[in-house]
Each structure stands twice: as C-alpha cells, then as structure tokens.
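For reference, the structure discussed in these notes is given below.
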Amino acid sequence: MGMDTHKKNAGLLAWIERTGNRLPSPAMLFFAAAIIVMMLSQIAAILEWQVTKTVLDADGLQRDVVVHAVGLLNSEGIWWVLSNMVKNFMAFPPLGLVLVAMLGIGVAERSGLVAALLQVSIGKTPAMLLTPSVFFLGVMSSLALDAGYVVLPPLAAALYLAMGRSPLVGIATAFAGVSAGFSANLFVTGLDPLLAGFTQSGAQLIDETYVVSAAANWWFMIASTLLITLVGWWVTARWVEPRMNGVTYEIPAGIQVNQGTSENANDITRGLRWAAISFIGALSLFLLLILIPDAPLYGQGKQFDRWIEAIVPLILIGFLLPGIAFGFGAKTLRSEKDIARLMGDTMASLGPYIVLAFFAAQFIAFFKFSHLGEMLAVVGGQ
C-alpha cells in the first residue's frame, strides 16, 4: 500500500510538472486574456448587456447609473485600442515603480554587496541556530529579488559541511527559505511596488481615485517573515534533516570552499564598512526629512504620509548609496562608468518583466474601458 501511494503521488507531481511546463509564458497569457476581453466586450455590446449601480452625487444623494458594455472590435473600439496602446503602457503603475526601485537594488546586488552581507551573516551564525538563521536569511534575501537563489545555497552547504552536518540540508534549507519567503521581508522590497501597482490597477477598475501604497503590506510582511522562519525551522528539524542524514553524498576531489585571498577579504571588509557608513548616513538623512517639521517628507501627502508616497525613491537611494560605497571600497567599481554599466545591466535583465508589463497594461486597460470589470464587480456585489 505504501509503495502504491508513493507511486501515485509521484505520478501526480509529474503530471503537475508536465502541465506547468506546457503553460505559455506570463506575457502570452496576458496577451491571450486581452484578446478574450476584446471578443467578450464586442459580444456584450451586441447583446446590449448593462447593469445598474448606485452612486452618490455631489450633494450626497443616491442615484442609479446604468453601465453599458463597450465593444472593442468595432470601428471605434479598434481605434481606441490603437490610439491608446502607448498611453496604456506608460500609465501602467508597476512599470515605473519597479524600474526606479531596481536601479538601486541592481547596483547593490551587482556590486557584490548582497553576496557579501549574506556571507558575513551566515559565517557568524551559532551552530544551534544555524537552521533558523539560514531560513531567515533566505527570506530576507528577497531584498535583492532572486539573488538569494544564487548566493545562499552554496554558502549554507559549505557551513553545514564545516559543522559536520549534511550539506544537502543546507541547500534544502536555503532554497526553501528563499522560495517560501520570496515576498516576505522586514523591509519594503522591490516586489512591493510591483504588487501595489497591480492591486491599484485592479482597484481603479471600480474606483479611479483609489491609491495603493507600496508599503501597504509592510506589517503583514514582517509577521510573515517571523512565521515562515519558525515554520521552516520546525519542518527542517522535524522532517528534512532526519531524511537527508540518510542520504549519501560525495564531494568531488579538488572541490573546496572558496575562502578568498586575504587581500580580497580586506577589500570586502572595507567595502562593508563603507557601505555601513553610507547606509547609516542615508537612514539618518531620511529620518531628519521625515521627523523635522516643514521638512520635505514631513506630514501628510495627497493620499498617505509623504514618506510613504516617496517610498520608491527612498528604496532607490537606500540601496544605491551603500551599493556604490561597497563597490568602491571592495574595488568592484572603479569609476562612475561602472555604476552606469551596472544600472544598464539591471535594466537589461528586466526585459522579460517589461514585456509582461506591456501586455498586462493592455489587458487591464481593455477590461476597464469595456466596462466589463465594473459590470462584473456590480454583479458580484449583488
């Protein structure tokens, strides 16, 4: 019975993997969704679909408004699609937010700051707290998006091996921490403007004035970081490590942990020191701008506190300055041309996201202009 169940589960997982591999790319899914919205909108317009919603006028009195479906495959609809395609893309909230934030995050990652911080943090971990520390660092690595997948597993494997434990456990723990906590963090990350932008675009299908802050999930992210770390620690200690301890492994001859030369170590130490000074300076400046009356970030903005509305530029500066300082201190940067090169490399790596954003922007704009989103919300609310 046990063997049959194992085979059944393995077959199910294999089917899920094959099915997932057959799915189109996210950009093509949004493209297909946009085409479907265009067809549905035209069908709805031909059939004269409409709903009635109740709104408040300027005097606070309720009145009924009839919402009609607008077709996108007739002459006027196609003209609107073509004439607004660029506008839809440029007005897509997640596009600019993510690109601006990633300019700073990309410099911090590609200058070597993120890898150095992870290496130093994991190297000072007590043996008894190794598993929760690796899991916590995996969650926190989402500050630099997917850098944790590259940097943390080999470091964790080397540290587990040095402590007489299976390196496979280190790899599994690091990978699980990065994967399970990819959107959680103690700080606002580059993912939050993206998620806030998508949420805001969806919410504005109903209320055009609705604004979602990039820090909207902050408290939830903090709680998730702690919870995921504790749960990951328990799962690893309860199931993963006992199972991995029975798995044999072989370290190829000549493979050893790269400790680096003393010169490199001194460069990294100096870079981290410079990065810490620049981060403390930037954080102090931010606090002064936020707390001093009449300062640029003091008080209430249009929708939220001013500093929250400026969170994306603050992320840019908060990552950019330490990244530059580390780069020059660790000699991974030589001139301002290297800074521009790292920014350019970061933007180049975001090509797939830009393509996704283009089609997602069209889909959301079509859904809004056709009134299908508003009609669906009214019907759902009833």
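If you're matching positions, the sequence shown starts at -11 in my numbering and goes up one per residue.
All C-beta atoms, glycine included, are put in the ideal place defined by N, C-alpha and C.
Sequence-distant residues of its chain with Cβ nearer than 6 Å to alanine 353 (five each side left out): Within the sequence shown, the letter at position 365 stands for residue 353. Cβ neighbours of alanine 353 beyond the five flanking positions: Asn76.
Chain-order list of residues whose beta-carbon lies under 8 Å from that of tryptophan 221 (same chain, five-residue window excluded): Within the sequence shown, the letter at position 233 stands for residue 221. So the qualifying residues of the chain are Thr119, Pro120, Phe123.
CB contact flag (leucine 273, proline 284, <8 Å): Residue numbering aside, residue 273 sits at position 285 when the sequence shown is read from its first letter. Residue numbering aside, residue 284 sits at position 296 when the sequence shown is read from its first letter. No; because the gap between Cβ atoms is not below 8 Å, this pair is not in contact.
Own chain residues within Cβ distance below 6 Å of glycine 289, not counting five before or after: Stepping through the sequence shown from its first residue, residue 289 is reached at position 301. Excluding sequence neighbours, glycine 289 sits near Glu297.
Cα-Cα separation between tryptophan 67 and alanine 270, rounded to whole angstroms: Translated into positions along the sequence shown, residue 67 becomes position 79. Translated into positions along the sequence shown, residue 270 becomes position 282. Roughly 48 Å between the two C-alpha positions.
Best match in Met16, Arg6, Met27, Trp3 for proximity to phenylalanine 355 [C-alpha to C-alpha]: Within the sequence shown, residue 355 is the residue found at index 367, counting from 1. Nearest of Met16, Arg6, Met27, Trp3 to phenylalanine 355, Cα basis: Met27.
Own chain residues within Cβ distance below 8 Å of leucine 60, not counting five before or after: If you number the sequence shown from 1, residue 60 lands on position 72. Hits under 8 Å: Val25, Met26, Ser29, Gln30, Ile66, Trp68, Val69, Phe354, Phe357, Ser358.
Environment of glycine 94 [buried if 16+ CB atoms lie within 10 Å]: As a working note, residue 94 is residue 106 in the sequence shown. So glycine 94 counts as buried.
Counted within 10 angstroms of its Cβ, other Cβ atoms place serine 189 as buried (16 or more) or exposed: Within the sequence shown, the letter at position 201 stands for residue 189. The residue is buried, with at least 16 neighbouring Cβ atoms inside 10 Å.
Rounded C-alpha distance that separates aspartate 333 from glutamate 97: In the sequence shown, residue 333 corresponds to position 345, counting from 1. In the sequence shown, residue 97 corresponds to position 109, counting from 1. Their Cα atoms are separated by approximately 11 Å.
DSSP-derived helix/strand/coil call for aspartate 293: What you label residue 293 is simply residue 305 of the sequence shown in a count that begins at 1. Residue state, collapsed to three classes: strand.
Same chain only: Cβ atoms within 8 Å of isoleucine 110, ignoring 5 sequence neighbours per side: Residue mapping note: residue 110 aligns to position 122 of the sequence shown, counting from 1. Excluding sequence neighbours, isoleucine 110 sits near Ser121, Val122, Leu125, Leu140, Leu143, Ala144, Leu147.
Stretch pair the segment 147 to 157 + the segment 201 to 208: three plus CB contacts closer than 8 Å: no
Contact the segment 314 to 334 vs the segment 98 to 109: 3+ CB pairs below 8 Å: yes
Contacting residues, own chain, Cβ-Cβ under 6 Å from alanine 103 (five flanking each side not counted): For the purposes of this step, residue 103 is identified with residue 115 of the sequence shown, where counting begins at 1. For alanine 103, where only same-chain residues beyond five positions count, the Cβ hits under 6 Å are Val139.
Proximity below 8 Å, CB of alanine 130 to CB of asparagine 173: The count along the sequence shown starts at 1 and reaches residue 130 at position 142. The count along the sequence shown starts at 1 and reaches residue 173 at position 185. It should be noted that the sequence gives serine, not alanine, for residue 130. Their beta carbons are under 8 Å apart, which means serine 130 touches asparagine 173 by this criterion.
Own chain residues within Cβ distance below 6 Å of leucine 83, not counting five before or after: Numbered from its first residue, the sequence shown carries residue 83 at position 95. Answer for leucine 83: Ala345, listed in chain order.
Delimiting residues of the alpha helix (DSSP H) encompassing valine 55: On the sequence shown, position 67 is the one that residue 55 refers to. Per DSSP, valine 55 belongs to no alpha helix (DSSP H); it is in the beta strand (DSSP E), 50 to 56.
Extent of the continuous alpha helix (DSSP H) to which leucine 15 belongs: By one-based count along the sequence shown, residue 15 stands at place 27. Going by the sequence as given, residue 15 is alanine instead of leucine. Counting along the chain, the alpha helix (DSSP H) containing alanine 15 begins and ends at 14 to 34.
Beta-carbon proximity of leucine 260 to glycine 92, cut-off 8 Å: Position 272 of the sequence shown, counted from the first residue, corresponds to residue 260. Position 104 of the sequence shown, counted from the first residue, corresponds to residue 92. No, Cβ-Cβ distance for leucine 260 and glycine 92 is not below 8 Å.
Glycine 361 and leucine 193 closer than 8 Å at C-beta: By one-based count along the sequence shown, residue 361 stands at place 373. By one-based count along the sequence shown, residue 193 stands at place 205. A contact, by the Cβ cut-off of 8 Å.
Spatial distance of phenylalanine 351 from isoleucine 216 (CA atoms): Residue mapping note: residue 351 aligns to position 363 of the sequence shown, counting from 1. Residue mapping note: residue 216 aligns to position 228 of the sequence shown, counting from 1. In a straight line, the C-alpha of phenylalanine 351 is about 34 Å away from that of isoleucine 216.
Sequence-distant residues of the same chain with beta carbon closer than 6 Å to phenylalanine 267, five excluded per side: The residue labelled residue 267 in the question sits at position 279 within the sequence shown. Cβ neighbours of phenylalanine 267 beyond the five flanking positions: Pro310.
Residue burial classification, alanine 328 (beta-carbon count within 10 angstroms, cutoff 16): Residue mapping note: residue 328 aligns to position 340 of the sequence shown, counting from 1. Under this definition alanine 328 is an exposed residue.
Reduced DSSP category for valine 199 - H, G, I as helix; E, B as strand; rest coil: Locating residue 199 in the sequence shown gives position 211, counting from the first residue. The answer is coil: DSSP assigns valine 199 none of H, G, I, E or B.
Closest by C-alpha distance to methionine 209, when choosing among Phe19, Gln291, Leu183: One-based indexing of the sequence shown puts residue 209 at position 221. Nearest of Phe19, Gln291, Leu183 to methionine 209, Cα basis: Leu183.
When Met151, Val127, Phe80, Trp227 are compared against proline 394, the one with the closest alpha-carbon: A query on residue 394 cannot be resolved here, the shown segment of the chain reaching from -11 to 370 and no further.
C-beta atoms of valine 58 and lysine 41 nearer than 8 Å: Here the question's residue 58 lines up with position 70 in the sequence shown. Here the question's residue 41 lines up with position 53 in the sequence shown. Contact: no.
Leucine 87 versus Met363, Gly368, Tyr341, residue with shortest Cα-Cα distance: The residue given as residue 87 occupies position 99 in the sequence shown. If we check each option's Cα against that of leucine 87, Tyr341 comes out closest.
Three-state class that DSSP yields for glycine 248 in the structure shown: Your numbering for residue 248 matches position 260 in the sequence shown. Unreliable positioning characterises glycine 248 in this predicted model, as indicated by a pLDDT of 49, which lies under 50. A coordinate reading is not provided.
CB of phenylalanine 347 within 8 Å of CB of alanine 135, strictly: Within the sequence shown, the letter at position 359 stands for residue 347. Within the sequence shown, the letter at position 147 stands for residue 135. Cβ distance not < 8 Å, so phenylalanine 347 and alanine 135 don't count as in contact.
Opening and closing residue of the alpha helix (DSSP H) in which asparagine 233 lies: Here residue 233 refers to the residue found at position 245 when the sequence shown is read from its first residue. Run containing asparagine 233: none; DSSP gives neither H nor E here.
Helix, strand or coil at valine 39 [DSSP, three-state]: As a first step, residue 39 is located in the sequence shown; it is residue number 51 there, counting from the start. Looking at valine 39 - three-state DSSP - the assignment turns out to be strand.
Limits of the alpha helix (DSSP H) - the one that proline 141 falls within: Here the question's residue 141 lines up with position 153 in the sequence shown. Residues 135 to 150.
Rounded Cβ spacing between valine 55 and valine 367 (contact assumed at less than 8 Å): If you number the sequence shown from 1, residue 55 lands on position 67. If you number the sequence shown from 1, residue 367 lands on position 379. With 8 Å as the limit, valine 55 and valine 367 do not qualify as a contact, their Cβ atoms being about 10 Å apart.
Endpoints, the alpha helix (DSSP H) within which methionine 116 is located: For this step, residue 116 is matched to residue 128 along the sequence shown. That residue, methionine 116, is in no alpha helix (DSSP H); it is neither H nor E in DSSP.
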